[in-house]
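J.: Protein sequence lines correspond, in order, to chains A and B. Remember, our numbering sits 53 above the position in the first sequence when you count from 1. Remember, our numbering sits 53 above the position in the second sequence when you count from 1. My structure is below; once you've seen it, I'll send some questions.
There are 2 protein chains.
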Amino acid sequence: MLDRALTLDELLCFALYSANNAMGRLYRPLLAQHGLTYPQYLVLVALWQRDGQKVSDLGADLNLESNTLTPLLKRMETAELLQRRRNPKDERSVVVTLTDKGRALESEAAEISRCILAASGDEVADLIELRDRVQELADRLQRAK
Amino acid sequence: MLDRALTLDELLCFALYSANNAMGRLYRPLLAQHGLTYPQYLVLVALWQRDGQKVSDLGADLNLESNTLTPLLKRMETAELLQRRRNPKDERSVVVTLTDKGRALESEAAEISRCILAASGDEVADLIELRDRVQELADRLQRAK
DNA sequence: ACTAATTATATCGCGTGCGATTTATTCGCC
DNA sequence: GGCGAATAAATCGCACGCGATATAATTAGT
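If you want it as structure tokens, here you go:
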């Protein structure tokens, strides 16, 4: 019943940590061509799917809070990828909206995904199953909090 | 053959990103009790398995480089978890060795793993299979670089 | 044995993640 | 309608990851 310290290779958390870092290293040069970072790209993906979200909505999508999102979104606003405006109906919240430039990048995204897919090798069906299993784990860990 | 931008839910990279963040949030309070951060814990795991490694060896274990490891190891040295000494045989390299304090923490590690395991829920066999699949992916991404 | 190339760490700057706290706005209750 | 509680962002500080570069030690080639 687990009475010793596990090795790196035995740790699920380390596999996730390694895979996430490796994924980031793969995305970095592809995204840098468009002046994006990895989390900025994820924000764009969320906004392509549904534009005009509040900061807290984006936080729910990405499992992040304003302490991470606010500075990130400000940098993206400076890069003219999106706009941040106080909601007139409720001045507490801030609505995030894509600019033309931010929307235009969507057409480049498929090419990036193709590059990642190629590097991930393997059968697409296997990757999809892996994705779903990892996402289930993420959800379980989230709830365990 | 993938002619559109994927949604967040479709992205394997986002599943990994979420799971890794969630894992970190779960570990944080457990590790904080011992004054550790998540990557510091991974360094300890590597050293418990094999003490007296060079910085570059640790880098190979963890897939990190000196730009990340050097400051991290310095903080751990300040916390008296380990020692950093130039190798007398080759003054370019630095050998990292656990202190008694760093070694002593190994006995606490099993308890931490038990907490994480509990939060990960599910069958242990499933988690092991997931870990291996994620690790395979990490290796594939690493090689694709 | 000199020197260029290589190797091993270290340094620097930037963009996250996140705990802790603050500020601004709205809601709830009397 | 006034006021304390709740809600939404923002701010601050710290520890990563990593690209780019610098520094120091060793090796290789002649």
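For glycine and all other residues, C-beta sits at the position ideal for the given N, C-alpha and C. Given the structure is predicted, the values throughout are model-derived calculations rather than measurements.
Which two residues bound the contiguous beta strand (DSSP E) that contains arginine 138 of chain B?
T.: The residue labelled residue 138 of chain B in the question sits at position 85 within the second sequence. Counting along the chain, the beta strand (DSSP E) containing arginine 138 of chain B begins and ends at 135 to 140.
J.: Where asparagine 191 of chain B and alanine 58 of chain B are concerned, what is the direct C-alpha to C-alpha distance, given to the nearest angstrom?
T.: Against the second sequence, residue 191 of chain B aligns to sequence position 138. Against the second sequence, residue 58 of chain B aligns to sequence position 5. As written in the sequence, residue 191 of chain B is alanine, which differs from the asparagine given in the question. Going from the Cα of alanine 191 of chain B to the Cα of alanine 58 of chain B covers about 23 Å.
J.: Could you confirm whether any beta carbon from chain A is found closer than 8 Å to the beta carbon of arginine 156 of chain B?
T.: The residue given as residue 156 of chain B occupies position 103 in the second sequence. No, because no Cβ of chain A sits closer than 8 Å to the Cβ of arginine 156 of chain B.
J.: Below 8 Å between beta carbons: does that hold for aspartate 143 of chain A and alanine 163 of chain B?
T.: Here residue 143 of chain A is taken as the residue at index 90 of the first sequence, counted from 1. Here residue 163 of chain B is taken as the residue at index 110 of the second sequence, counted from 1. Contact: no.
J.: Could you tell me which chain B residues have their CB closer than 8 Å to the CB of aspartate 114 of chain A, listed as they occur along the chain?
T.: By one-based count along the first sequence, residue 114 of chain A stands at place 61. The contacting residues are Leu61.
J.: Name, please, each residue of chain A whose Cβ falls closer than 9 Å to the Cβ of arginine 81 of chain B.
T.: Taking the first residue of the second sequence as position 1, residue 81 of chain B is located at position 28. The contacting residues do not exist; arginine 81 of chain B stays about 10 Å from chain A at best.
J.: Which residues of the stretch 64 to 79 of chain A have a Cβ closer than 9 Å to any Cβ of chain B? Give them in chain order.
T.: Per Cβ criterion, the list reads Leu64, Leu65, Cys66, Phe67, Ala68, Leu69, Tyr70, Ser71, Ala72, Asn73, Asn74, Ala75, Met76, Gly77, Arg78, Leu79.
J.: Leaving aside the five residues before and after isoleucine 165 of chain B along the sequence, list all residues of the same chain whose C-beta is less than 6 Å from its C-beta, in chain order.
T.: Along the second sequence, read from residue 1 onward, the residue named residue 165 of chain B stands at position 112. Hits under 6 Å: Leu83.
J.: Could you tell me the alpha carbon to alpha carbon distance between glycine 112 of chain A and alanine 75 of chain A, rounded to whole angstroms?
T.: Within the first sequence, numbered from 1, the residue matching residue 112 of chain A stands at position 59. Within the first sequence, numbered from 1, the residue matching residue 75 of chain A stands at position 22. Roughly 24 Å between the two C-alpha positions.
J.: Excluding sequence positions up to five away, which residues of its chain have a Cβ less than 6 Å from the Cβ of glutamate 133 of chain B?
T.: As a first step, residue 133 of chain B must be located in the second sequence, where it is residue number 80. Closer than 6 Å at the Cβ level, and outside the excluded window around glutamate 133 of chain B, lie Thr152, Lys154.
J.: Which class does aspartate 179 of chain A belong to by DSSP, given the choice of helix, strand or coil?
T.: Within the first sequence, residue 179 of chain A is the residue found at index 126, counting from 1. Helix, per DSSP.
J.: Does DSSP classify leucine 117 of chain B as helix, strand or coil?
T.: Counted from its first residue, the second sequence places residue 117 of chain B at position 64. Here leucine 117 of chain B sits in coil by DSSP.
J.: Anyone know if the C-beta pair for glutamine 102 of chain A and alanine 68 of chain B falls short of 8 Å?
T.: One-based indexing of the first sequence puts residue 102 of chain A at position 49. One-based indexing of the second sequence puts residue 68 of chain B at position 15. Result no, Cβ atoms of glutamine 102 of chain A and alanine 68 of chain B do not sit closer than 8 Å.
J.: Taking 8 Å as the threshold (beta carbon to beta carbon), is glutamine 93 of chain B in contact with chain A?
T.: Looking up residue 93 of chain B in the second sequence gives position 40. It does not: the Cβ of glutamine 93 of chain B has no partner Cβ on chain A nearer than 8 Å.
J.: Bridge partners of aspartate 143 of chain A, per DSSP?
T.: Position 90 of the first sequence, counting from 1, holds the residue named residue 143 of chain A. Paired residue(s): A:Asn140.
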